[in-house]
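This report concerns only the one structure given below.
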Amino acid sequence: MKHRGRHRRRRRGRALRAALAGTALALTAAATMISASQATDADDPGALKPLTASSETTPLRLAEHGVPRDALDRLSEGMGRPVGVSDVLADPDGALRDARDCTADDRRALPVEPAATRAYCWPAADTEGWQPGAVTTSGDADDDGHWGEHRVILSGWSTAGTTAGGTLARVAFVDAGDPDRPRYTWALLTVPVAEGRDYRGLGSTVSGMVWYQDKLLVTAGRGETGALYVYDVDRLQRTTVNGTSVGRVPGGWSAAGARYVLPAVASYRANGAGAPLPGGISLDRSTAPDSLVAHEETPADEDGPTRLWRYAFATDPERAGLLETDPVAHAHAIAAYETELTGVRGVLSYRSGWYLGRTAGARDERGTLWRQDADGARPTRCGADETHRCWSGPTASLSYWQETGDLWSQSGRVLFALPLASVDRSLD
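Mapping of the sequence shown onto full-length UniProt numbering: position 379 corresponds to residue 379, and the numbering continues sequentially without gaps.
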């Protein structure tokens, strides 16, 4: 029985690769028709420029603010004992569809070159009114790629418009143990208020997430300028009321339809003039210690430049998953750069290279993916063609699963992966 199961998975894997290859061929044909005016996107931005002056690095400094332990304990007393990731995965809201079963519009969001080797799409009914954001995985959380017994992908989403309670953000915990049928469960991102007697929604869109050890770090942009919120995955709480409200309600606790909530345990805020609006973030395990990298959120129509920087994670076991700070609770950038690229929507640093996803100029156009370092920059190419707009247009996050060598991202309703080595092979 086990051997037959493996053979079925291999056949399905070959069929998926064939389907994705067919999609890629069709998209490549479309990419060759990109106009010469669009090709200016491949203009060489040159090498990264290091930022070393204190006037350049001081605005990147973050002040750490912890939520009082009494407030977190009071919330747990009111809502009940916290649950773990395993409990959430065992209580799914739905399942992702394999790329072969996704709509043509969904598959159109996949990159042309390099092509995805794994891809899934979210049910339209469960994501209507929500916009996709960041991706992180248990490959970030632990270097063996597992959280306990599970392989997990986290996918962040935000309300497309402002609700009565403000902008809401939620995270899907995806059980990736069975690649043929990944199941997911929603948890709303919240912030304790009233000394832990209640909670509110995050109040911001989510453009970046990193799950490191037992902490989930989330960028907060609109409404929470210059902030990173920190969540403890061991403090997931069950709700008791299925309603549209967020927080304490008559009869219990509600989370805008989600059955679980994550209350923030800390935040980091920029406290200087010229602080950048946070964009994407990702984990770099190739540094010692491991580091959090970030890019500045800048509109594509601005001249730039765009700032890139990194913070070291703490090595003290008592500060697991938090950033390294000085005696007055400030986290300092340990390296910072400028790139001439604008419209950056995804960042990844690994070894000496910075991988930057650049959004498309228009909704129906494709984006570009660059690898930039201190020596220069190169974009991925569309096969033997001269164009470079082969990446997914609306992609907003990059996450490297070091244990498998896969790069994960999300574009529209499609979650996909491809080997990072294939990105390097595609560089022009």
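Cβ atoms here follow ideal geometry from the backbone N, Cα and C, with glycine treated the same way.
| Item | Value |
| --- | --- |
| Whole-angstrom C-beta distance between G346 and S397, which should lie under 8 Å | 5 Å |
| CB contact flag (G156, A176, <9 Å) | no |
| Which of helix, strand or coil DSSP assigns to V206 | coil |
| Nearest-angstrom Cα separation, counted from T287 out to Y311 | 11 Å |
| Buried versus exposed, by CB contacts within 10 Å (16 or more), D124 | The sequence shown places Ala at residue 124, not Asp. With fewer than 16 other Cβ atoms within 10 Å, it is exposed. |
| Residues of its chain near P45, where Cβ-Cβ distance is below 8 Å and the 5 sequence neighbours each way are ignored | T339, E340, L341, W370, Q372, A377 |
| Whole-angstrom distance between V171 and A333, CA atom to CA atom | 27 Å |
| Residue range of the beta strand (DSSP E) that includes L369 | 368–372 |
| Cβ shell of G166 (< 6 Å), same chain only, five flanking positions each side left out | G201, G203 |
| Range covered by the beta strand (DSSP E) that runs through V191 | 183–193 |
| Collapsed DSSP secondary structure at A30 in the structure displayed | Residue placement at A30 is poorly supported in this model, since its pLDDT is 42, which falls under 50; the coordinates still yield a value, given next. Reduced to three states, the DSSP call for A30 is helix. |
| Rounded distance between the beta-carbons of L407 and L420, thought under 8 Å | 5 Å |
| Extent of the continuous alpha helix (DSSP H) to which A104 belongs | 104–107 |
| Cβ separation of G133 and S207, assumed to be a contact under 8 Å, to the nearest whole Å | 6 Å |
| Assigned secondary structure, T127 (DSSP; H/G/I helix, E/B strand, else coil) | helix |
| Straight-line gap, A275 to T57 (C-alpha atoms, nearest Å) | 10 Å |
| The region 187–196 contacting the region 112–123, beta-carbon criterion three pairs below 8 Å | no |
| Cross-strand partners of R118 (DSSP beta bridge) | A417 |
| Cβ of L72 within 9 Å of any chain B Cβ | As a matter of chain content, chain B is missing from the structure shown, which is built from one protein chain. |
| Complete beta strand (DSSP E) runs within the region 288–340 (minimum length 3 residues, chain order) | 291–296, 306–312, 335–339 |
| Neighbour-count burial assignment, G148, 16 or more Cβ in a 10 Å radius | exposed |
| Local conformation of P263 per DSSP, three classes | strand |
| Contact set for S267: own chain, Cβ-Cβ below 7 Å, skip 5 residues either direction | H65, A227, L228, Y229, V230 |
| Among L356, T298, T239, the one whose alpha carbon lies nearest that of S409 | L356 |
| Three-way DSSP call (helix, strand, coil) for G139 in this model | helix |
| For S55, the nearest candidate out of H330, V85, A336 (CA to CA) | A336 |
| Nearest candidate by alpha-carbon position, reference G412, set A314, T359, H388 | T359 |
| Host alpha helix (DSSP H) of E56 (start-end) | 54–57 |
| D405 versus G251: straight-line alpha-carbon distance, rounded | Checking the displayed sequence, the identity of residue 405 turns out to be Gly instead of Asp. Spanning the two alpha carbons is a distance of roughly 47 Å. |
| P278 vs A220 beta-carbon contact at 9 Å | yes |
| Own chain residues within Cβ distance below 7 Å of L283, not counting five before or after | D140, V210, Y212, D290, L292 |
| For G78, the first and last residue of its enclosing beta strand (DSSP E) | Element bounds for G78: not the beta strand (DSSP E) but the alpha helix (DSSP H), 69–79. |
| Per-residue burial, S37 [other beta carbons within 10 Å of its own, 16 or more giving buried] | With a pLDDT of only 34 at S37, under 50, the local geometry of the prediction cannot be trusted, and no value is derived from it. |
| Closest by C-alpha distance to D178, when choosing among V152, S158, D198 | V152 |
| Through-space distance from W309 to V88, alpha-carbon basis | 34 Å |
| Buried or exposed (CB count within 10 angstroms, at least 16 for buried), R77 | First, the amino acid is wrong: residue 77 is Glu here, not Arg. Answer is exposed; the Cβ neighbour count stays below 16. |
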